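Every position in the sequence shown, counted from 1, becomes a number in my numbering once 367 is added.
Glycine included, each C-beta is placed from N, C-alpha and C at the ideal position.
Note that this is a predicted model, so its numbers are computed, not measured.
Note sheet for the following structure.
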Amino acid sequence: MIIHDENEMRTLGRELSRTLKKGDWVAIDGPLGAGKTVLCAAIINSLGYVGEVTSPSYAIVHNYDPPDLPVAVAHADLYRLDDVAELDELGLFDESAERITLVEWAERAGPGYAKPSHHVTISVEPDGSRRVDLKLGKDDIAG
Ligand SMILES: Nc1ncnc2c1ncn2[C@@H]1O[C@H](COP(=O)(O)OP(=O)(O)OP(=O)(O)O)[C@@H](O)[C@H]1O
Ligand SMILES: [Mg+2]
């Protein structure tokens, strides 16, 4: 699908948030500035978190826990990851069945490390709009 602006990306995040459940692992890939954090922030806010969601690019993982929202969410950005072993130290895979995990730059974890249940791939079109490809669980939603 084509997402024309940030508002449409936030709407998509709101729609996606309704389909997510505990244990889901969402890989969000796309180039710098594609809108990955905009999408994650919309998901986390739509799940009930009322504060500002900032990019986890420095901390690598930000955790959002009840009672701030009904379900725990880990929001990660692996862009600055030096070594996949760091993911163990950060606990990204611990108790992932008990929360929703949103991972920007998931491709940096390398093949075989993470097994996302959902894939979101964003690319930037020549006119600046974003093409979003969704693979949700077993269902592929055509772009
Ligand atoms: N269609 C669109 N969807 C989402 N964001 C858009 C769109 N058009 C323009 N933007 C702008 O692009 C920027 C996207 O920034 P964002 O931090 O979400 O990117 P990112 O993919 O997370 O980048 P990074 O790889 O650095 O984490 C925002 O400034 C947003 O306003
Ligand atoms: Mg980001």
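inquiry  = Taking 7 Å as the threshold (C-beta atoms), are Asp391 and Ser463 in contact?
reply    = No; because the gap between Cβ atoms is not below 7 Å, this pair is not in contact.
task = Using alpha carbons as the reference points, say which of Asp435, Glu474, Ile489 lies closest to Lys482.
result = Glu474
request  = Keeping to the same chain, check which residues put their C-beta closer than 6 Å to that of Ala394; ignore five residues upstream and five downstream.
outcome  = Val470, Ala473, Pro483, His486
key: Helix, strand or coil at Ser484 [DSSP, three-state]   = coil
query = Within the chosen definition, does the region 488–502 reach the region 412–420 through at least 3 CB pairs nearer than 8 Å?
reply = no
query = What did DSSP end up calling Ala441 once you bin it into helix, strand or coil?
reply = strand
message = Under 8 Å, with one C-beta from each stretch per pair, do the region 373–391 and the region 403–412 reach the 3-pair mark?
response = yes
message = Which same chain residues end up closer than 6 Å to Ile508 when comparing Cβ atoms and leaving out the 5 residues on each side of it in sequence?
response = For Ile508, the predicted model reports a pLDDT of 46, less than 50, meaning its position is unreliable; a value from the coordinates is still stated below. Cβ within range, chain order: Leu501.
query = Can we count Lys403 as close to ligand 2, meaning its CB is less than 6 Å from some heavy atom?
reply = yes
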